[in-house]
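What follows is a short report on a single structure.
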Amino acid sequence: MRRRNIVQVGAALLAIGISMPALTAGAFAQDAPTEITMLTMGNKPTNGRLEAMLEKLNELLVEKANAKLDLFFIEWADWQTQYNVQLLSGDDNVDLIGTATDWLYAWENAEKGAFLPLSPEMLQANAPKTWAQVEADGHWDLTKLADGKIYFMPEDNYTQYTNHGFFYRGDWAKEAGFPNGEITKFEDFTKYFEWVKANKPDAYPWDVAGANEAALTGYIQGHTDFQTLQGISAGNYIPFHTKASDPYTVTSWYMEGDALVEAAKLAKQWNDIGVWREDALNYDGDTREELYAGLSGVEQHHTQTFVNDIVNNMNTKQPGSDPKFFYWGQENGNFFKDIFTHGAMAVSAYSKNPEKALQVYDLIRNDKEIYDLFNFGIKDVDYVITADGKLGYPEGYDSSTMALGTDYWWGRTDEFELPRTTQAPNRAEIIAALDARAKDYPYSTLIINKQNIDSTLAAMAGVLSEYIPQLQYGKFEDPAAAVAEMRQKLKDVGYEDARAAIQADMDAWKAARGL
Amino acid sequence: MSGTDRSRGHKSIWRQLADSKVLLLMCVPAMIFFIVFNYMPLPGAWIAFTNFNYRDGIFGSPFVGFKNFEFLIKSGQLWMLTRNTILYNLAFIVLGNLLQIAIAVMLNEIRLAWFKKLSQAAMFLPFFISSVLVGVIAFNLLNYDTGALNALIKQTGGDPIKIYSSAGAWPLIIILVHLWQSTGYGSIVYFAAIMGIDRSLYEAATVDGATAWQRIRYVTLPSLKPTFIILVLFSLGGIMHGNFGLFWNLVGNNAALFQTTDIIETSVYRMVLSQNNFTTSTAVGLYQSLFGFALVMTANWIVRRINKDYALF
């Protein structure tokens, strides 16, 4: 009896002990700011600048929305894997998720339920400014799945070009015999590479690491009118295309035409010259730093990187190197403006505070004070405004050790952006020249139902990941035979069925739009 | 009558359990481990038969029968993966055990105590090197442009070899690296078994005039037979499971080597994680487990036919 009493008293005490903190927390919860975590891509900065900024930012966020923001970084090492795994894990600590339809698997993750569907009412109530702007531009349709629901908020109010190409050195090209050091055709890089190989013994003509297919896409884009259908990926490959001359017939440059074989032959020629490391597939060094150090003749990435980073870094680290950019499709104008969902923000399906998350996003996107702080940092510490109104950096600033590193690509706006002192001086001309030639992506509202072809896409990914890296690095003795073999395997795993399924969606889309 | 027997048997089981309290307690952590990581996730294998999506969850997602297994056959790689996985493991098991026995016997014959300890430690060390580091070391030794091996070949006037594009070289490299890492560790078990052999057997052999070689041949090796069989049996159960860390870090995404180096684990890792495909990975895991289960049963059945005492069950 006595023993039972002790047990009862003990249990009661325990219960009180457990519920006390909950009660006290509950009593204050109404006033405590909500913690919102944003998932972003990038290497987490370690120099303390980000934390200093966040401290100030959170004061503003508490004041304006009673919320606090924290960042969660997916680092660049193996980022595709890390990103998808993080989203699939159902982690409820992440509220806002940076995403993109053409490079960050937004459609795949939306389809699999990682993102919360956003109702118009919810957006109007919690992100009114974002809602109004995207609505006025008519861009919500670009963010809907077949169920007609909105899955993310597009970065549709920001001008950038992320069309890929080669950064190369004008000074070396000039010495290699190109007038003005300008290379205007993809094949002409053979001459440039040969010159680098012969005259710069310390440098690789193109130091490139790991699996990629730039040597193939660069050639194909400039020699055909193939255009990529976004949103249908097979692993790291985007295997379906149309032709500008036949825009409603789904095809694939991996399957049709001679361009892939020609590209693979050129790649083999480059491999035989020794353009890249023999073991490039197993190499994982930082090739951009190699370019900056004068140890690589070429680096492959996009316009935005060129105007924001490459020009300034090369001019400082390799004075007189005269950095230039050759973009895929430069020969024939076969390249596109950025789609409006190259950056976007989604709300996690597991978020405990989706409304608050939207409120925070609306502020970051539309409140100038918060936007400046979040994107540029603390004024006069992280950045300065120069006399001619540009965004510059304080005396003694070194971007490689003192960068803020917010890595916010999910809702920038032209209105709040300033020209930067570190940008290429001719940025405006470069953008204008691209604007004059770039095509608009025609299939922004085309939604492909992938439910029935998922396993085919997975099987195609297996085949492509076996052949494409080897074709890109010229590792097959007979590229034509290898391409034929790959095409046969793709057919065997059901390429034709997948193509037909996508064609059906294309036909329906075309009919609905009366095209 | 049978009723009394049963109740007595029943009682004695409980008594047996009660008598082995401490032993059972010692088993609890292992039991918890297997329940949590091996038995509790079992129902999740259902994913292999669904078109899984996160909203509907494992049991709410649409049922698609064997469609996910089609992928394995469609991709045409199932045979290659199974072959690679099994052949590598066979090489690991056979060569590994032979080497481990040889090392254990040699250690046993070493008379200098300090040298015995030293060689044991030296052989044990590679086991503690993470396969990430092993991959880095291998790349720095073997790569074409800056690798140590090719630097040596070039210095001596030879033509450097393209190891990272010769698929044929990799079975040898991977087996060597695996043996280098695991032999020292594995030999401990055999060494311990040798320590447990009755000393009087050796004394008797010596009295009979047996040479050192004859003592090994007629005393040590026969006494190791049960240990050998049990260890091989255990490893046969895992023959469908590859050493992911080693393969992934040595080969990575180098498609030129897949023909001879791709095992089930690495292939699934690549395809699934770049494609978000849970269903396929589960399908492969299930295939792998069922195949492995059949192998264990078969191996055990064979052993029981040979000698009942050596069988696991």
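Respectively, the protein sequence lines represent chains S and Y.
In terms of the working numbering, the first sequence is residues 23 to 537.
In terms of the working numbering, the second sequence is residues 8 to 320.
Glycine residues also receive a C-beta, built at the ideal position from the N, C-alpha and C atoms.
I'd like to check one pair, LYS346(S) with GLY192(S): are the Cβ atoms closer than 7 angstroms?
Mapped onto the first sequence, residue 192(S) falls at position 170. Mapped onto the first sequence, residue 346(S) falls at position 324. By the CB criterion at 7 angstroms, GLY192(S) and LYS346(S) fall inside the cutoff.
Distance between THR56(S) and PHE50(S) (C-alpha atoms, nearest Å)
The residue you call residue 50(S) lines up with position 28 of the first sequence. The residue you call residue 56(S) lines up with position 34 of the first sequence. The predicted model places PHE50(S) with a pLDDT of 42, which falls under 50 and marks its position as unreliable; any figure quoted below should be read in that light. Roughly 12 angstroms separates the two Cα atoms.
Quick check: what's the CA-CA separation for ALA306(Y) versus LEU240(Y)?
What you label residue 306(Y) is simply residue 299 of the second sequence in a count that begins at 1. What you label residue 240(Y) is simply residue 233 of the second sequence in a count that begins at 1. Just so you know, the alpha carbons of ALA306(Y) and LEU240(Y) end up roughly 7 angstroms apart.
Only counting runs of 3 or more residues, tell me where the beta strand (DSSP E) segments fall wholly within the stretch 170–202 of chain S, in order along the chain.
The qualifying runs are 186–191.
List the residues of chain Y whose Cβ lies closer than 9 angstroms to the Cβ of PRO491(S), in chain order.
Counted from its first residue, the first sequence places residue 491(S) at position 469. Correct list: ASN260, ASN261, ALA262 and ALA263.
Got a sec: is the Cβ-Cβ distance from LEU303(S) to anything in chain Y below 7 angstroms?
Translated into the one-based positions of the first sequence, residue 303(S) becomes position 281. With a threshold of 7 angstroms between beta carbons, LEU303(S) makes contact with chain Y.
Under 7 angstroms, Cβ to Cβ, is there at least one residue of chain Y near ALA522(S)?
Translated into positions along the first sequence, residue 522(S) becomes position 500. Not an interface residue.
Give the residues of chain S in contact with ASP152(Y), contact being defined as C-beta atoms less than 8 angstroms apart.
Taking the first residue of the second sequence as 1, we reach residue 152(Y) at position 145. Within chain S, the residues ARG299, GLU300 and ASP301 have their CB atoms less than 8 angstroms from the CB of ASP152(Y), given in chain order.
Is it right to say TRP308(Y) is buried, meaning 16 or more other beta carbons lie within 10 angstroms of its own, or is it exposed?
Locating residue 308(Y) in the second sequence gives position 301, counting from the first residue. With fewer than 16 other Cβ atoms inside 10 Å of its own Cβ, TRP308(Y) counts as exposed.
In whole angstroms, what separates the C-alpha of GLY342(S) from that of VAL143(Y)?
On the first sequence, position 320 is the one that residue 342(S) refers to. On the second sequence, position 136 is the one that residue 143(Y) refers to. Going from the Cα of GLY342(S) to the Cα of VAL143(Y) covers about 36 angstroms.
In chain order, what residues of the same chain have a beta carbon less than 6 angstroms from the beta carbon of ASN359(Y), not counting five sequence neighbours either side?
There is no way to answer for residue 359(Y), as the model of chain Y reaches only from 8 to 320.
Nearest to TYR489(S) by alpha carbon, out of ASN185(S), ASP420(S), THR59(S) and GLU235(S)?
For this step, residue 489(S) is matched to residue 467 along the first sequence. The alpha carbon of TYR489(S) has as its nearest neighbour, out of ASN185(S), ASP420(S), THR59(S) and GLU235(S), the alpha carbon of GLU235(S).
With 16 other Cβ atoms within 10 Å as the buried cut-off, status of PHE300(Y)
Here residue 300(Y) is taken as the residue at index 293 of the second sequence, counted from 1. Flag for PHE300(Y) reads exposed.
DSSP state of THR68(S), grouped into three classes?
Within the first sequence, the letter at position 46 stands for residue 68(S). When secondary structure is reduced to three states using DSSP, THR68(S) falls in the coil class, being assigned neither helix nor strand.
Neighbouring residues, chain S, relative to LYS169(Y) (Cβ below 9 angstroms)
For this step, residue 169(Y) is matched to residue 162 along the second sequence. By Cβ distance, chain S contributes GLU300 and ASP301.
Between ALA281(S) and the rest of its own chain, which residues show a CB-CB distance below 8 angstroms, the 5 nearest in sequence each way excluded?
Along the first sequence, one-based indexing puts residue 281(S) at 259. So the list reads TYR241, ILE242, HIS245, THR246, PHE248 and TRP275, once near-sequence residues are dropped.
For VAL156(S) and PHE94(S), I'd like the C-alpha separation in whole angstroms.
In the first sequence, residue 156(S) corresponds to position 134, counting from 1. In the first sequence, residue 94(S) corresponds to position 72, counting from 1. One C-alpha to the other measures close to 26 angstroms.
Between the stretch 235–247 of chain Y and chain S, which residues of the former have CB atoms less than 9 angstroms from a CB of the latter, in chain order?
The residues in question: there are none.
Does ASP425(S) come within less than 7 angstroms of chain Y when only Cβ atoms are used?
On the first sequence, position 403 is the one that residue 425(S) refers to. Just to set this straight, residue 425(S) is Ala in the shown sequence, not Asp. Output row for ALA425(S): interface = no.
Assigned exposure category for VAL29(Y) - 16 Cβ within 10 Å defines buried:
Taking the second sequence and counting its residues from 1, one reaches residue 29(Y) at position 22. Exposed, since its Cβ has fewer than 16 Cβ neighbours within 10 Å.
What are the partner residues of ASP114(S), as DSSP defines its beta bridges?
Working through the first sequence from its first residue, we reach residue 114(S) at position 92. For ASP114(S), which the question treats as bridged, DSSP gives no partner whatsoever.
Tell me, please, which residues DSSP counts as bridged to ALA368(S).
Taking the first sequence and counting its residues from 1, one reaches residue 368(S) at position 346. DSSP lists ILE119(S) as partners of ALA368(S).
Going by the CB atoms, is the gap between ASP394(S) and THR62(S) shorter than 7 angstroms?
Locating residue 62(S) in the first sequence gives position 40, counting from the first residue. Locating residue 394(S) in the first sequence gives position 372, counting from the first residue. No, Cβ-Cβ distance for THR62(S) and ASP394(S) is not below 7 angstroms.
In the stretch 96–126 of chain S, which residues sit with their C-beta less than 8 angstroms from some C-beta in chain Y, listed in chain order?
Answer set for the stretch 96–126 of chain S: GLN102, THR103, ASN106, VAL107, LEU110 and GLY112.
Among ALA122(S), LYS90(S), ASP92(S) and GLN182(S), which has the Cα closest to the Cα of TYR105(S)?
Within the first sequence, numbered from 1, the residue matching residue 105(S) stands at position 83. Comparing Cα-Cα distances from TYR105(S) to each of ALA122(S), LYS90(S), ASP92(S) and GLN182(S), the minimum goes to ALA122(S).
Work out the CA separation of LEU231(Y) and ILE201(Y) for me, nearest whole Å.
Within the second sequence, the letter at position 194 stands for residue 201(Y). Within the second sequence, the letter at position 224 stands for residue 231(Y). Separation of ILE201(Y) and LEU231(Y) (C-alpha to C-alpha, rounded to the nearest whole angstrom) is 7 angstroms.
Do three or more CB pairs link the stretch 168–179 of chain S to the stretch 306–313 of chain S at distances below 8 angstroms?
The stretch 168–179 of chain S is not in contact with the stretch 306–313 of chain S.
Short check: CB of ALA145(Y) to CB of LEU257(Y), under 7 angstroms?
In the second sequence, residue 145(Y) corresponds to position 138, counting from 1. In the second sequence, residue 257(Y) corresponds to position 250, counting from 1. In this structure, LEU257(Y) lies closer than 7 angstroms to ALA145(Y) by Cβ.
DSSP-derived helix/strand/coil call for ARG118(Y):
Mapped onto the second sequence, residue 118(Y) falls at position 111. Coil, per DSSP.
What are the residues that DSSP puts in a beta bridge with LEU140(S)?
Here residue 140(S) corresponds to residue number 118 of the first sequence, with the count starting at 1. In the DSSP assignment, LEU140(S) is bridged to ILE172(S).
Mind reading off the beta-carbon distance from VAL71(Y) to THR89(Y)? Whole number of angstroms is fine, and I expect it under 8 angstroms.
Position 64 of the second sequence, counted from the start, is the residue given in the question as residue 71(Y). Position 82 of the second sequence, counted from the start, is the residue given in the question as residue 89(Y). About 23 angstroms separates the two Cβ atoms, so there is no contact after all.
What is the rounded straight-line gap between the Cα of TRP292(S) and the Cα of GLU439(S)?
By one-based count along the first sequence, residue 292(S) stands at place 270. By one-based count along the first sequence, residue 439(S) stands at place 417. Between TRP292(S) and GLU439(S), the C-alpha separation is close to 41 angstroms.
Where the beta strand (DSSP E) containing VAL485(S) begins and where it ends
Residue mapping note: residue 485(S) aligns to position 463 of the first sequence, counting from 1. Unbroken run through VAL485(S) is the alpha helix (DSSP H), 476–494; no beta strand (DSSP E).
Name the two residues that bound the continuous beta strand (DSSP E) containing ASP404(S).
As a working note, residue 404(S) is residue 382 in the first sequence. Counted as a single uninterrupted DSSP element, the stretch harbouring ASP404(S) is not any beta strand (DSSP E), since DSSP gives it neither H nor E.
Determine, using beta carbons only, whether VAL226(Y) and LEU238(Y) come nearer to each other than 7 angstroms.
On the second sequence, position 219 is the one that residue 226(Y) refers to. On the second sequence, position 231 is the one that residue 238(Y) refers to. No, these two residues do not count as a Cβ contact at 7 angstroms.
If the cut is a Cβ gap below 7 angstroms, which residues of chain Y does SER267(S) touch?
Working through the first sequence from its first residue, we reach residue 267(S) at position 245. Here the premise fails: no neighbours, minimum Cβ distance about 31 angstroms.
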